[in-house]
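Engineer: Numbering (our numbering), first residue to last: 8 to 908. Heads up, the beta-carbon is just placed ideally off N, CA and C, and yes, glycines get one too.
(1) May I have the straight-line CA-CA distance separating residue 727 from residue 345, to the nearest angstrom?
(2) Throw me the rounded Cβ distance for the residue 226 and residue 198 pair, which I believe falls under 8 angstroms.
(3) In this structure, does DSSP put residue 547 in helix, strand or coil?
(4) What's the call for residue 178, buried or exposed, on a 16-neighbour Cβ count within 10 Å?
(5) Hey, is the region 364-383 in contact with the region 319-331, meaning 3+ C-beta pairs nearer than 8 angstroms?
(6) At which residue ranges does the region 658-727 contain complete alpha helix (DSSP H) runs of 4 or more residues, listed in the order of the chain?
(7) Which of the three DSSP states, helix, strand or coil, is assigned to residue 435?
(8) Which first and last residues belong to the beta strand (DSSP E) in which residue 831 is found?
(9) Assuming residue 623 is part of the beta strand (DSSP E), what are its boundary residues?
(10) What residues are listed by DSSP as bridge partners for residue 530?
(11) Span of the alpha helix (DSSP H) holding residue 493?
(12) In the DSSP assignment, what residue or residues form a beta bridge with residue 768?
(13) Roughly how far, in whole angstroms, is the beta-carbon of residue 721 from the beta-carbon of residue 687, given that I think they are within contact range, below 8 angstroms?
(14) Give me the Cα-Cα distance between residue 845 and residue 869, rounded to the nearest whole angstrom.
(15) Can you give the Cα-Cα distance for residue 804 and residue 794, rounded to whole angstroms?
(16) With C-beta atoms as the reference, is residue 770 less than 7 angstroms away from residue 796?
(17) Under 8 angstroms, with one C-beta from each stretch per pair, do the region 333-341 and the region 202-221 reach the 3-pair mark?
(18) Please report the residue range of the alpha helix (DSSP H) in which residue 602 lies.
(19) Cα separation between residue 29 and residue 125?
(20) For residue 123, which option in 655, 47 and 135 has the closest C-alpha, if you only look at C-alpha atoms?
(21) Would you report the Cα separation of residue 831 and residue 680, rounded to the nearest angstrom?
(22) So residue 847 and residue 877 are supposed to be a Cβ contact under 8 angstroms. How far apart are they, rounded?
(23) For residue 231, which residues of its own chain have a beta-carbon under 7 angstroms away from its beta-carbon, when the five flanking residues on both sides are left out?
(24) Buried or exposed: where does residue 791 fall if 16 or more other Cβ atoms within 10 Å of its Cβ makes it buried?
(25) Measure from the alpha carbon of residue 783 to the alpha carbon of each residue in 764, 808 and 799, then state which is nearest.
(26) Within the chosen definition, does the region 465-484 reach the region 192-206 through at least 3 CB pairs nearer than 8 angstroms?
(27) Once you ignore the five residues that flank residue 936 on each side, which residues in its own chain have a CB closer than 6 angstroms to its CB?
(28) I'd like to know if the region 612-622 and the region 640-652 are in contact, where contact means that at least 3 CB-CB pairs between them fall below 8 angstroms.
(29) How many angstroms separate the CA atom of residue 54 from the CA atom of residue 130?
(30) Can you give me the C-alpha to C-alpha distance between residue 235 and residue 201, rounded to a whole angstrom?
(31) So the candidates are 328, 317, 750 and 342; which of them puts its Cα closest to the Cα of residue 281?
(32) Check for me: the alpha helix (DSSP H) holding residue 233 runs from which residue to which?
(33) Opposite residue 822 in the DSSP bridges: which residues?
(34) Bridge partners of residue 919, per DSSP?
(35) On the three-state DSSP scale, how would you describe residue 607?
(36) Looking at residue 592 and residue 569, is the spacing between their C-beta atoms short of 7 angstroms?
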């Protein structure tokens with residue numbers, strides 16, 4: 008009996024001794040595993056840190072207040088990262104040896120493992136807390152000057168996102184844009200002076216003035232790039248003011264640069280201005296330096312109406328301004344410039360270099376040298392004219408050079424304005440065919456410096472400019488071709504966005520003057536000038552009228568324009584009024600755009616517009632649309648961003664309709680059968696719009712059903728959201744679609760950098776069978792943007808989803824899909840040949856990128872790869888020697904890192 012207590016005591020003593028020894032021994036033997044585990048947990052925390060940091064930035068940009076516990080968590084995570092990096096930096100302790108390298112050093116390994124174990128527990132706790140953050144901010148007045156610590160993007164072992172080296176090359180913003188490393192000396196000097204002036208605390212607004220065509224806008228592009236490179240300001244925003252300022256667009260451009268997305272939810276210009284003002288004042292309180300660039304001022308701009316904080320003298324407060332105008336007095340008197348610079352023409356040698364750069368070696372030929380001198384003399388150093396002349400001469404022979412110079416021969420008493428007109432006249436007369444000239448006139452009638460390509464298509468179709476092109480998509484392609492022709496002739500300018508263009512003020516004025524007799528039109532520019540003061544003769548013969556955001560409360564009751572074919576009216580005033588009899592004398596009107604107007608009663612407004620082909624009621628507040636059913640000749644109908652709740656059955660009477668755009672979120676009801684009646688529809692846009700689709704089996708039908716789309720035999724473009732996958736008919740025919748943006752499941756916004764014409768977004772639930780339906784299979788193979796969320800079926804690789812492979816796919820994003828083990832199963836020639844970006848997120852069972860060996864041709868075009876929260880056991884590297892991706896990577900190498908790298 009005495010033995011039992013002795014054994015018990017001995018056992019307790021043994022536990023006190025053996026267990027700690029065993030633990031210490033485990034530290035020694037498992038030190039390498041602790042290194043790997045620490046790296047893995049750091050990777051998990053890095054994902055949560057970046058996610059929370061991005062959410063905090065979005066909240067701050069939109070004037071929301073971040074919860075204090077979120078900011079405290081960020082600080083703790085920052086410290087944990089630093090400690091972990093220091094510890095990993097000392098990880099050589101885990102590999103130290105003793106006894107002349109024959110044995111591991113137990114004390115070093117033990118010490119490292121203990122620290123790593125403690126740090127792993129801290130990191131796991133922080134990652135868990137970060138993943139539980141749902142709401143990180145709240146609305147309300149700012150409680151004080153609280154700024155969250157900035158978390159820099161981390162490099163090295165805690166990276167969870169890999170982007171291959173890319174060299175982005177932006178296209179020139181205008182035809183006078185020169186290469187970044189070849190900015191002319193005269194321009195570089197002014198840019199330096201501008202930057203120095205902006206850095207001077209005495210100056211709050213800096214301006215540049217000069218005549219049209221001298222290159223003010225191009226100078227701003229180069230100055231902005233230099234300012235960003237030198238990081239002399241924390242935030243830089245830019246907006247084009249233009250001759251007819253659209254305050255709402257100016258606000259959007261500034262807000263976009265500031266990341267103020269909330270402004271899109273405000274319709275009132277005043278509410279937008281208040282939101283923008285609060286955001287800029289918040290930046291001032293946070294000691295942030297903000298620069299706002301306003302290009303192309305034609306008259307004074309009320310900064311307060313835009314949302315830029317200012318005093319009673321219209322001078323900006325809390326931010327600096329950089330402005331351009333033709334008129335120095337506008338800069339000084341209207342917007343209070345403290346310092347301004349005159350931009351003159353290029354120096355003689357600079358003009359010659361620019362001309363030579365465009366024309367080539369021909370300018371060195373002895374026969375051409377005198378003509379080059381004469382041409383440059385006539386251009387007077389204006390880049391706009393130099394490039395127009397150079398394009399005219401580039402492929403011309405000697406007789407053509409002589410003839411052209413003869414035509415623009417200047418008398419001694421003629422000014423540069425006459426030279427501009429003569430040069431533009433040559434370019435205009437050189438255009439082949441009335442079609443391209445009609446398009447140029449339409450661009451001028453539009454009344455803005457950056458016309459919308461899509462609106463131009465809709466106007467041109469309504470006017471019948473592309474009569475021989477039977478399909479809208481063919482007309483769109485033709486319009487793009489004609490725009491390229493106009494850009495090549497210098498009558499239209501390239502823009503920063505490759506898919507758009509700009510119209511120079513000189514061209515607008517020239518076209519208006521040369522076409523006024525045969526094609527008279529009116530673009531009302533002066534907000535103080537009443538239409539009623541125009542002569543009756545001008546109105547009677549007028550074929551086009553545009554009111555581009557002119558500050559008027561209402562239009563006159565009677566306007567006699569019997570020859571009018573197109574009328575465009577843009578306003579930001581919801582109180583703007585149009586009398587019921589306004590269109591009574593305009594019975595030939597074929598195109599009508601009313602943007603930003605509140606129209607309650609439509610019954611008498613459109614009763615005489617029987618010849619109408621295009622009707623755009625964008626951004627309007629509309630009630631009963633039934634009267635529109637009487638416009639039997641209507642081919643294009645648009646309600647983009649309008650407030651309409653119901654699409655009545657009368658819309659189904661518009662059987663000639665070829666394009667319908669109901670991309671407006673308030674739309675709740677589409678009468679059953681309306682869509683099915685539009686049998687000639689070619690394009691249907693319902694983005695961010697109607698969601699309440701009926702199933703085919705539902706009786707009686709209370710709303711539209713997707714099966715109605717089968718009646719549209721000509722449908723080739725479809726943008727639609729389908730939150731409930733169960734309403735998707737098995738026999739829906741989508742095979743003829745050439746362009747589409749289809750969202751199935753909860754709404755999700757594709758990243759702006761992923762551009763394409765065929766986008767498919769699927770957010771599925773575990774029981775969904777959408778991927779097996781024929782309508783989806785018919786478009787998978789030609790999709791260029793594919794987003795997949797929630798795959799949990801029998802498919803183990805992405806390739807198994809489509810029998811045709813993915814030969815056209817450019818952007819692939821897969822997340823939250825436990826069934827996926829591989830991206831490529833057994834690669835074929837039709838798989839991922841054009842893939843540019845690959846994003847993998849939270850694929851818990853992902854084993855490899857490819858199940859089998861992959862050759863160099865796969866992923867050879869890949870530019871960006873991001874792998875997050877995927878437990879990949881391997882790192883896969885492959886390269887395509889000698890074949891660099893178009894993004895600018897030098898060696899074509901792409902590496903996939905696992906999420907816990």
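Structural biologist: Well, looking at it:
(1) Roughly 51 angstroms separates the two Cα atoms.
(2) Confirmed, about 7 angstroms.
(3) helix
(4) Residue placement at residue 178 cannot be trusted, given a pLDDT of 31 that sits under 50; the coordinates are not used to answer.
(5) no
(6) 681-684
(7) helix
(8) 829-831
(9) Start and end: 621-623.
(10) 553
(11) 479-495
(12) 750 and 794
(13) The Cβ separation is near 6 angstroms, so the contact holds.
(14) 8 angstroms
(15) 15 angstroms
(16) yes
(17) Yes: at least three Cβ pairs fall under 8 angstroms.
(18) Premise fails: residue 602 lies in the beta strand (DSSP E), 598-602, not in any alpha helix (DSSP H).
(19) Low local confidence applies: a pLDDT of 47 at residue 29 is under 50, so the model's placement there is unreliable, with the coordinate-based value given in what follows. Residue 125 has its alpha-carbon roughly 18 angstroms from the corresponding atom of residue 29.
(20) For residue 123, the closest alpha carbon among the candidates 655, 47 and 135 is that of 47.
(21) 43 angstroms
(22) 5 angstroms
(23) Closer than 7 angstroms at the Cβ level, and outside the excluded window around residue 231, lie 243, 245 and 300.
(24) buried
(25) If we check each option's Cα against that of residue 783, 808 comes out closest.
(26) no
(27) Residue 936 is absent from the model: the chain starts at 8 and stops at 908.
(28) Note that the region 612-622 touches the region 640-652; at least 3 beta-carbon pairs, one per stretch, sit closer than 8 angstroms.
(29) 12 angstroms
(30) Spanning the two alpha carbons is a distance of roughly 13 angstroms.
(31) 317
(32) Element bounds for residue 233: 223-237.
(33) 796 and 848, per the DSSP bridge assignment.
(34) The chain is shown only over 8 to 908; residue 919 falls outside these bounds and no answer can be derived.
(35) Three-state DSSP puts residue 607 in coil, outside helix and strand.
(36) yes
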